[in-house]
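So the protein sequences, as listed, match chains P, A, X and Z. So for the first sequence, the numbering used here puts the first residue at -14; every next one is plus one. So for the second sequence, the numbering used here puts the first residue at -14; every next one is plus one. So for the third sequence, the numbering used here puts the first residue at -14; every next one is plus one. So for the fourth sequence, the numbering used here puts the first residue at -14; every next one is plus one.
There are 4 protein chains.
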Amino acid sequence: MSHHSARFPVVDAQVSPTGRMEVLSRTEAARLSSQGQGGLKETFRNCALAVLNCGNPLDDGKELLARYPDFDIEIIQRSRGIKLDIRNAPASAFVDGQMIRGIQEHLFAVLRDVVYANGDSSGAGGAAPGRFDLGSSEGITDAVFHILRNAGIVQPVIQPSVAVCWGGHSISREEYDYTKRIGYEMGLRGLDICTGCGPGAMKGPMKGATIGHAKQRIGKPRYLGFTEPGIIAAESPNPIVNDLVILPDVEKRLEAFVRAGHGFVVFPGGVGTAEEILYVLGILLHPANAAQPFPLVFTGPRSAEDYFRRIDSFIGDTLGDEARSRYRIIIDDPAAVAREIHGGIGRVRAFRKESRDAYYFNWLLRVEHEFQQPFRPTHANMRRLKLHRDEPKHLLAADLRRAFSGVVAGNVKNEGIREIERHGPFEIHGDPEIMGPMDALLSSFVAQGRMKLPGTAYNPCYRVVPRAREEAPSA
Amino acid sequence: MSHHSARFPVVDAQVSPTGRMEVLSRTEAARLSSQGQGGLKETFRNCALAVLNCGNPLDDGKELLARYPDFDIEIIQRSRGIKLDIRNAPASAFVDGQMIRGIQEHLFAVLRDVVYANGDSSGAGGAAPGRFDLGSSEGITDAVFHILRNAGIVQPVIQPSVAVCWGGHSISREEYDYTKRIGYEMGLRGLDICTGCGPGAMKGPMKGATIGHAKQRIGKPRYLGFTEPGIIAAESPNPIVNDLVILPDVEKRLEAFVRAGHGFVVFPGGVGTAEEILYVLGILLHPANAAQPFPLVFTGPRSAEDYFRRIDSFIGDTLGDEARSRYRIIIDDPAAVAREIHGGIGRVRAFRKESRDAYYFNWLLRVEHEFQQPFRPTHANMRRLKLHRDEPKHLLAADLRRAFSGVVAGNVKNEGIREIERHGPFEIHGDPEIMGPMDALLSSFVAQGRMKLPGTAYNPCYRVVPRAREEAPSA
Amino acid sequence: MSHHSARFPVVDAQVSPTGRMEVLSRTEAARLSSQGQGGLKETFRNCALAVLNCGNPLDDGKELLARYPDFDIEIIQRSRGIKLDIRNAPASAFVDGQMIRGIQEHLFAVLRDVVYANGDSSGAGGAAPGRFDLGSSEGITDAVFHILRNAGIVQPVIQPSVAVCWGGHSISREEYDYTKRIGYEMGLRGLDICTGCGPGAMKGPMKGATIGHAKQRIGKPRYLGFTEPGIIAAESPNPIVNDLVILPDVEKRLEAFVRAGHGFVVFPGGVGTAEEILYVLGILLHPANAAQPFPLVFTGPRSAEDYFRRIDSFIGDTLGDEARSRYRIIIDDPAAVAREIHGGIGRVRAFRKESRDAYYFNWLLRVEHEFQQPFRPTHANMRRLKLHRDEPKHLLAADLRRAFSGVVAGNVKNEGIREIERHGPFEIHGDPEIMGPMDALLSSFVAQGRMKLPGTAYNPCYRVVPRAREEAPSA
Amino acid sequence: MSHHSARFPVVDAQVSPTGRMEVLSRTEAARLSSQGQGGLKETFRNCALAVLNCGNPLDDGKELLARYPDFDIEIIQRSRGIKLDIRNAPASAFVDGQMIRGIQEHLFAVLRDVVYANGDSSGAGGAAPGRFDLGSSEGITDAVFHILRNAGIVQPVIQPSVAVCWGGHSISREEYDYTKRIGYEMGLRGLDICTGCGPGAMKGPMKGATIGHAKQRIGKPRYLGFTEPGIIAAESPNPIVNDLVILPDVEKRLEAFVRAGHGFVVFPGGVGTAEEILYVLGILLHPANAAQPFPLVFTGPRSAEDYFRRIDSFIGDTLGDEARSRYRIIIDDPAAVAREIHGGIGRVRAFRKESRDAYYFNWLLRVEHEFQQPFRPTHANMRRLKLHRDEPKHLLAADLRRAFSGVVAGNVKNEGIREIERHGPFEIHGDPEIMGPMDALLSSFVAQGRMKLPGTAYNPCYRVVPRAREEAPSA
């Protein structure tokens, strides 16, 4: 049944699981319907709405809830399993009154992960209470592993093939077409695609790979999408994603990428992309990871050359040449990128085999507790970052990552936007030698329109404050 | 590599998972290899040995360990997943040096369930610490559900089809052939078979059904085997079982049967079979279950008529006619039994649909806490049973069940056998009106050779002591 | 192994069947290797080369053979089946030295169909000698059926879903993108795509549908490609096609379309497209087909509106309003086209069910012998066409179809091009009332660049000669 | 709908294809319904009835038709494919009113093969007119290949695994159980089973293998049954057979066995078994086949030792020691038989690989025209056999084979029985040195009850006439 409203048409529907089947215990069903203590209703409802809103560019978490105030989702128990009763859902999720199957699967992926891993609504971090030991680095890694395993992502036997693609959700047509060509070339070489869901550089490679996979008759290609409740509204998964996982927070999502992926491609993007670059470089700079093969390519069409030159300079200025040695920049050559990743994954395979590490999960990669702990982007936390030249490089990378993470939150996340509305822009303090390049980089993002969706003016949510070390506020 | 010893030849092997794939976290693998606090090594090793010993009749848990003192099993991590390194395994698990695939699958089922559900070696009940709330009736049911779901037993969409078959592991050739004929007729009607694993009445229906399923081209027939660590050595799963689950204890195993099964067939057997009959009648006598359709047929060849007449009398004498109304006795008519179960499952289906209960798990069946709590068969606990005419019928059934359970333990379980060795036979006290029929029934089992495997003399592990109520010892 | 030549790099390879497996008898293998009487080597070699050349726009059958003079293909017998030994194949069929799987499948489809249906190299019509009775209308239809059945195209049980797409292989970027959008909308609605293979309007709908099918998780989408030895060099199948059939000649290919398809979409094209339109209208004008639902939509982007207006006028001028009533023109509305076809197929389904005709083959459609007999485009045959107003409409349509067919041959087919080289342009005679509109239509095709691939000048292979009836040459 | 008649209850039903789907052209459907020239109705009806009568021991082809005089089968065309409308079919083919799926598949296998290969009702040999050249040895082999390929039996890629089992349809319980044990051991080793359909030694190995395959989780085990219209009534395929092929006549059926099988086991049997033994030895004695590995084992329980001793003597007396060197006799050791066949198939595999012959069809085996030509068992033909010591051994084997073939026909085939009724027993003439052993062997078959089903008295259909060569009648 569809209703017609002026701007945002909605539809009611009942949907059954498709493909992977979900069975809930009575307790689990009750928690999904409960809004009280231990209840999961709100998280489930919000993520479900985001999934249903796919295809509608939007980068303001708050706005989605405002558009569909009457949206609701309920679990119905039937003899043959559960159904979802959905009201006032975005009409774009339907074709002639039928929900698109890919979106239907996403709804049940949301349900699965919210039950399994996002149990705690107390704000303490997300993962199901009691199930994991989130106080230790090993415990967090274990949680990421279990969430991926429960989602069917971790599979033995199969060969390494996961190419992670990072990049902006708001990119130009030319850049978007370029991401499709890269996906096509990777698909022709049998690589699977993993992205953060959402439009732009996260969708293009999957579309291209779909054509490549079809030509190669790859029967069960994998299009992995890793997201988290805070970003899913702005980066709604496109329905090609056939393995969607909702990790509990930003840090576990990033850890999922680096442990489940085998090769890494970075397309042009904005601050989110910079955050991902700094996260991965921070990890790779750790001495324990020095020997790990880790194929990492920055690429774009000719027009993106300047963008990557600036990123490269920024990395050189702040983290130095060792960091620069961990990636290659390839401009306007999709087949070369695909060959580079394909070959690199071959080296990853040999390394894992040699060291008896699993193909499906990079256990050997050292991810310091620093990179695992959730960062709440408050004004106080942002001000407290240590952006100094004399910090160890991988810790400096960690705090630079947090700085960009805060800007992402201020740009598109519900919580971050509210902070900014309440207290004004974040202040980011640090050595002038770091603040200078950072300001330049952020300004170039603004100038290139990489901060927001096209057609909207950007109002910066941050202020860069160069300051000598002694001036830093105490933690 | 095979070694030749005088009596029990052994083989070494490395095996990979087949069919369902298992992936372990580093923590899980460590626990399976550890014998200390929280370690699972011993349970894993013992269950694995039982699985490998299939096909060798044996009903003394102690003896198995004595036969293969050098048996060992280790987990090896490889890039494509885990392997098991097995030493000094019973040669009968192999054909020309290759492990039988069905047994290989059973090893990985053992691994899966020991990791998931049998975590606690402290003896407090078995299920993984922290995962379930075993203090409440709902919590125990939830644990049973989760263990079955984790094992892939609980599947939505498919129609009710599970025929549970109970009966002796030590039966005559004629009775065994009869169980095959029943299995064949049920297989022809598309029913799946669920038993407690092991030989005799637990194997025959599966063999028969295999032929019936082949003729009906049933692509993925299900042969479910539910066992528990205490009984698996004596009732080693036959390799036809393609969904093996190791529940943590007797009571959860029984609950798994009644919640996952749709129809129930009881063949001749010994005390174990009597235990199962009393368990199910005790539950069905609960007023909350009065409306539940629950197809239950006792059947055997002509020669078993007397056996069932005695059981029927015993039930009439102790639990009364209401209990007798919950089952049908059908002698020597396999097609009639199969039609009765098939029709009954049709009524179960209608009832579940009507009441919106799941086809795959009987949530509505009330199983009182009494029936869920593990019963440790010590001399004190056996003496304390309340076998009095004026107890509520379903509680009397519960204690009768425990009495038979104790005899089973004394006959074939490692722990029970040691108790008897140490303290002599169990004493079972109760009203003469109950103790009389009980003694008669047990004596008839001894006379009919239903207590032990053929060719061994039976030495009773119990003593029936009729006593008026006032004489009962206080709890 | 790859060789580098100045312009057309080539590769050697040995390939095994993938997907559908082919087994040859000794006799069949011998015929495929033989160039003499009854030998199939030349047809096999030429079609194989066309298949391997996919992705390289080319519309001159002669040129392909000139580009790869050393290309060769041999059958090798191995214990596990046959292999193909290929030398000097176009390098574009390979990715990093591996043949694209889709192309590999096409090679074996060529092999299958050449063995089964293209046995006769004598030119007498193509189908395997002795197997079919090609002298009767029923016999020809039977041959088409058997060829499709042997290719696995005719499948029972499945619902009608085949949307045939016709249109030019040489279209503008805007038109091409439009065909992708139509394909996408049809894919979202679960429709399968059938085209004549080749680039342009025959490739776009498949690419679009691939994305739509991925979003709908359609497990085994069908991309049917029907071609014939005379056209395959110019319209090399794109590798998305996963059910390729090589029919023996133009007429059987056209009959395959109308009998296996359920809905029909016509995009802008050139004379080939006009030929297809006249063929289908000629059949639909037969009184026996008056009651058949037959969804037929002409569609294109806004810029194609003029093109279809001209076609529509031409049909009105020559065949009249009854013909015009059998199609709908929809401009620039992909979702509307998909809905129209989807709905129309629903009516086809109802009609077939009602009349007990097969979903998988339109047996009831009357195709007159006139439309089935191969037309050899010689100067004499072209001159002999009866393009007169007073012919019965469906016979006039048949001869108009032949006229356009001759122009296609003169434009792109090996044999036709040689005829023109030898004897100059074809002369097409007829009533001025028909010749006028025909000349106008053909001229508009030339003006719009629809006669040849972009970037080549068109040199007409025909001359329109209006002439009153009495002037017609005798047959 | 079921009817009750005094002795032979019947059922009406409509059945659809299951598993492999069949699609008929209009012409094919018409021929199956036609009884006139080129019509296939009678063959189809008779074979269909035989298939439906499975499970009812019967060895007189005439009797079956008498039991079910009103049986009829019609093809119905529906939109989703064909259905069969069946009237007055044997009730034993149904379970609770539903036709057993295996039997349903057999009906459609009959349909497929009758259409494809048994087209000619003129009696000239069976295969579809025009399709094959039955005048040459190569042409007949080609026909066998095409019939098997059309039935999906000939499959590339898979490894050699087909163990052909020959033996009596009327054997003792002990012998039957032994054939099950052999099947079980072969199933455990992954071998597929091929027999001539029917009960006894043709059913036991399949039942045993079904259990072995289940334990080894062999997903798609193959149970091949090769039969022919003349024998199918007496040897109705058991429903475990999942690849049934109806070859046109005795000789093509035998050739199918030796070309599609990889290992050969002979159980005790009667004249049919002797016929098979002589057929295979005749072929193996040809010098061109001397180098071919061809695993051939005669086996039975201890009680069958005498039987095989007699066969062995007969072979020694008539064909000599070279013939005796081509088989092994193994008594009462199922695992040894399975290992012998399994190892022998390994040698077959190596030989085929080395000689590049197909795994799926033994092209290299020389089968002389002598062994391929249908033998019509008339009194004249029987009298004309050349059973002389100085014939070349492989030709003597051929005529001995024909002699036994004639006795089979006289025992159980419709046509043969009528001949005997009309003209009295066949006369078999030959050298006393051959006639002596032959008479002894046949007499021992009679004495051991191997000529007929248990419980029926045997009335010999032949008379052995020793006679010196010069007395032989002219051909």
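Think of the CB as a built atom: it goes at the ideal place given N, C-alpha and C, for glycine as much as any other residue. The model shown is predicted, which means the values in this text are computed figures rather than measured ones.
query	result
Rounded distance between the beta-carbons of Z:M420 and Z:G391, thought under 8 angstroms	Rounded, the Cβ-Cβ distance is 15 angstroms, inconsistent with contact.
Whole-angstrom distance between X:V243 and Z:S1, CA atom to CA atom	27 angstroms
Whether Z:C39 touches Z:A78 by CB criterion (8 angstroms)	yes
8 angstroms Cβ cutoff, P:H247 in contact with chain A	no
Members of the segment 342 to 367 of chain A near chain P, C-beta cut-off 9 angstroms	D342, A343, Y344, Y345, F346, W348
Closest Cα partner of A:E406 within the set A:N444, A:C179, A:K338	A:N444
Cβ contact check for the segment 7 to 20 of chain P and the segment 149 to 166 of chain P: 3 or more pairs under 8 angstroms	no
Residue(s) in a DSSP beta bridge with P:A(-2)	P:I71
Backbone secondary structure at A:R448 - three-state DSSP	strand
Rounded C-alpha distance that separates P:N227 from P:L96	15 angstroms
Proximal residues to A:F293 (C-beta, below 6 angstroms), its chain only, five neighbours per side dropped	F283, I314
Presumed contact (8 angstroms Cβ cut-off) between A:E260 and A:R386, rounded CB distance	6 angstroms
Residues sharing a beta bridge with Z:L281, DSSP	Z:F249
The segment 18 to 29 of chain A: positions lying closer than 7 angstroms to chain P by Cβ	none
Range of the contiguous beta strand (DSSP E) that encloses A:F411	411 to 415
Beta strand (DSSP E) segment containing P:A148, residue limits	147 to 151
Cβ of X:D127 within 8 angstroms of any chain Z Cβ	yes
Z:R452 versus Z:L263: straight-line alpha-carbon distance, rounded	22 angstroms
Helix, strand or coil at A:T363 [DSSP, three-state]	coil
Exposed unless 16 or more other CB atoms sit within 10 angstroms - verdict on P:H354	exposed
Bounding residues of the alpha helix (DSSP H) (the contiguous stretch that carries X:D177)	Taken as a continuous stretch (DSSP letters only), X:D177 belongs to no alpha helix (DSSP H), being part of the beta strand (DSSP E) at 177 to 180.
Cα-Cα separation between A:W151 and A:F249, rounded to whole angstroms	8 angstroms
Nearest candidate by alpha-carbon position, reference P:F(-7), set P:Q62, P:N41, P:R334, P:D127	P:N41
DSSP three-state assignment for Z:R374, whether helix, strand or coil	coil
Pick from A:H247, A:T363, A:L370, A:V393 that is closest to A:Y344, judged by C-alpha positions	A:H247
Within 7 angstroms of chain X by C-beta, residues of the segment 51 to 78 of chain Z in sequence order	Q62, R63, S64, R65, G66
A:F211 - partner residues in DSSP beta bridges	A:V230
Cα-Cα separation, Z:G185 to Z:F93	24 angstroms
Residue-chain proximity (A:L173, chain Z), Cβ-Cβ < 8 angstroms	yes
Whole-angstrom C-beta distance between X:N399 and X:K47, which should lie under 8 angstroms	5 angstroms
Beta-bridge partners of Z:F(-7), as assigned by DSSP	Paired residue(s): none; Z:F(-7) is not in a bridge.
Where the segment 195 to 214 of chain Z meets chain A: residues whose CB sits under 7 angstroms from a CB there	T195, I196, A199, K200, Q201, R202
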